[in-house]
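Counting from 4, one number per residue, gives the positions in the sequence shown under this note's numbering.
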Amino acid sequence: MTDAPTESKATFFRQSGWVALATVLGGIFLTAVHVVASSKNGGMTEAEYSIFVTLLRVQLLISIPAAGLQTMFAHQTAAVSSDSERRQLTATLSRVVATIAILWFILLTLLAIIQSINPGIYKQWNIKEPTALLLTLTIGLGFILLSALRGVLTGQQNFWGLGWTIMIEGAGRFIAVAVAMTLGYQATGGIAGVLIGLLISLTLAIWWLRDLPWQNREPVEWSLWLKRTLPLAIGPGVMVFMFSADVIFVQTCFANEQAHFYMPVATVGMAIFMFLTPMAIVMFPKLVNSNALGKKSQALKLALTGTATLGGLTVLILLLVPKLPLWVLYYNNSLYWQSGSLVPFYIGALYPLLLANLLISNLLAKERLGAWPCTILIITAVGYAGTLIWQQPKLLNMIGNVTLTKDLLTPETQAAFLRIIQIFGGFNLIILALSVGLTWRYIKSQKT
């Protein structure tokens with residue numbers, strides 16, 4: 004009686020371990036991008052590096068549908084039990100690819116129109132070259148496609164192929180950005196390097212899915228598909244928004260001389276997020292499959308235990324040595340070490356969102372995230388953005404008439420950044436409370 008759970012636990016952590024290893028290795032390369040990009044010897048200037056980090060978060064916002072599509076395709080693929088459903092999956096994937104291509108041309112046209120009407124739009128983000136934003140738009144839409152393909156790999160439980168797409172993207176990005184820095188390029192060159200890494204990973208993902216019946220498709224009930232997709236898009240989309248809005252807010256509202264001090268903190272947060280999400284990736288298709296077959300699964304319990312433990316240890320370590328990740332990431336540019344005191348606060352604020360991500364993924368797998376929970380999630384995200392905007396005058400007043408320099412993080416700016424992190428953490432707690440309440444309600448309904 005004890006063999007099956009043990010085997011299930013061993014399989015779960017073996018697969019999680021591989022995805023974690025791939026994510027960590029890919030994350031090391033992605034993190035190393037910031038090492039070369041921020042280097043005093045051949046890297047970007049502080050202002051250009053701040054733009055680079057902001058554009059990476061803009062790319063995440065553009066690709067908000069990516070999280071939903073990856074979840075949706077993982078769900079649809081994991082539930083496939085016949086050749087007919089397999090052909091429907093291929094038809095759906097093909098339609099999504101065509102839609103992304105059309106959307107790319109539409110958005111490029113709209114951006115060109117907006118630029119002609121308001122030529123100063125790029126100055127609001129301190130962007131000198133419009134090409135950088137065009138490349139970011141392309142990356143965002145390309146990442147949506149890559150996420151859809153990764154969703155299929157996840158649903159197939161092809162974690163080997165999934166892991167390789169993650170590692171190759173990181174390695175390709177690092178090499179391309181390093182070459183761009185060597186050639187003397189700034190933020191635009193860095194973003195071009197990101198695009199190159201994405202294209203390499205996209206090619207590999209397509210190769211892994213070469214056995215899909217691309218020529219044999221079956222009609223799809225699109226109204227039903229969209230009805231099931233919206234919750235799968237809203238849940239992860241809110242997570243991405245919560246994780247990205249603060250960086251764009253800081254880059255837009257704070258002076259060039261100080262905004263770059265927030266970027267290392269956000270970059271550490273991204274690294275922690277990549278390190279702790281593999282268990283959620285492995286958990287999701289297992290929950291979908293067990294739900295479709297009417298079986299119980301330990302995946303949520305194992306993922307929660309692992310994430311809570313590793314996340315708690317990370318917060319503890321950073322409380323003891325807050326500058327540790329900055330010493331590693333920015334070893335050749337001590338300027339960014341000044342942000343160290345903000346790191347434990349940021350990771351502590353992020354921690355509830357990591358746990359909420361697992362609980363919401365569980366509800367999505369069980370198809371228990373209905374219209375009103377999605378509405379509350381959207382209201383919470385809008386409330387977060389609105390609070391940042393509402394607090395903007397107060398935050399700028401905290402800095403006041405202090406003389407700002409790009410080489411010194413002033414105590415006033417540090418206090419303003421801490422206020423932003425507190426707002427971030429407060430709304431993350433609201434999302435965690437909502438996800439806990441919904442999970443408790445689901446468990447209670449199962450018992451009755």
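In this text, a Cβ means the ideal position worked out from N, Cα and C, and glycines have one as well.
Between the beta-carbon of Ala183 and that of Gly173 there is about 16 Å, and that puts the pair past the 8 Å contact cut.
Fully enclosed alpha helix (DSSP H) runs of no fewer than 4 residues occupy 225–256 of the segment 195–257, in order along the chain. Distances from the CA of Glu51 to each of Ala69, Ile130, Leu28 were compared; the closest alpha carbon is that of Ile130.
Note that the segment 204–212 touches the segment 161–173; at least 3 beta-carbon pairs, one per stretch, sit closer than 8 Å. Runs of the alpha helix (DSSP H) lying entirely within the segment 47–112 and spanning at least 4 residues, in chain order: 49–65, 67–81. The beta carbons of Gly351 and Gly429 sit about 12 Å from each other, so the pair does not count as a contact at 8 Å.
DSSP places Ser344 outside any alpha helix (DSSP H), giving it a letter other than H or E. For Leu411, the secondary structure class from DSSP, reduced to helix, strand or coil, is strand. When secondary structure is reduced to three states using DSSP, Val324 falls in the coil class, being assigned neither helix nor strand.
By the CB criterion at 8 Å, Ser204 and Gly175 fall inside the cutoff. Scanning its chain for C-beta atoms nearer than 7 Å, with the 5 sequence neighbours on each side dropped, one finds around Tyr354 the residues Gly314, Val318, in chain order. A buried status is given to Glu49, since no fewer than 16 other beta-carbon atoms sit within 10 Å of its beta-carbon. Of the residues assessed, Thr255 falls on the exposed side of the cut-off, its CB having fewer than 16 other CB atoms within 10 angstroms. Looking at the backbone, the Cα of Thr408 and that of Ala135 are separated by about 26 Å. Nearest to Ala77 by alpha-carbon distance, out of Asp86, Leu92, Ile67, Ser66, is Leu92. Where Arg153 is concerned, the enclosing alpha helix (DSSP H) starts and stops at 133–158. Phe348 is classed as buried because its beta carbon has at least 16 other beta carbons within 10 Å across all chains shown.
Restricting attention to alpha helix (DSSP H) runs no shorter than 4 residues, the segment 330–399 encloses them at 346–368, ordered along the chain. If the five residues before and after Pro234 are omitted, its C-beta is found closer than 6 Å to the C-beta atoms of Leu372, Cys377, all from its own chain and listed in chain order.
Bounds of the alpha helix (DSSP H) holding Phe278 are 266–279.
When Cβ pairs closer than 8 Å are counted between the two stretches, the segment 157–164 is seen not to touch the segment 98–117, the count staying below three. In this structure, the alpha-carbon of Arg90 lies about 14 Å from that of Ala81.
Between Pro328 and Ala262, the C-beta spacing is not below 8 Å. For Leu165, the enclosing alpha helix (DSSP H) covers residues 162–185.
For Phe32, the closest of Val155, Leu215, Ala181 by C-alpha to C-alpha distance is Ala181.
Per DSSP, reduced to three states, the secondary structure at Lys304 is helical.
Here Leu356 is not near Thr310, since their CB atoms are 8 Å or more apart.
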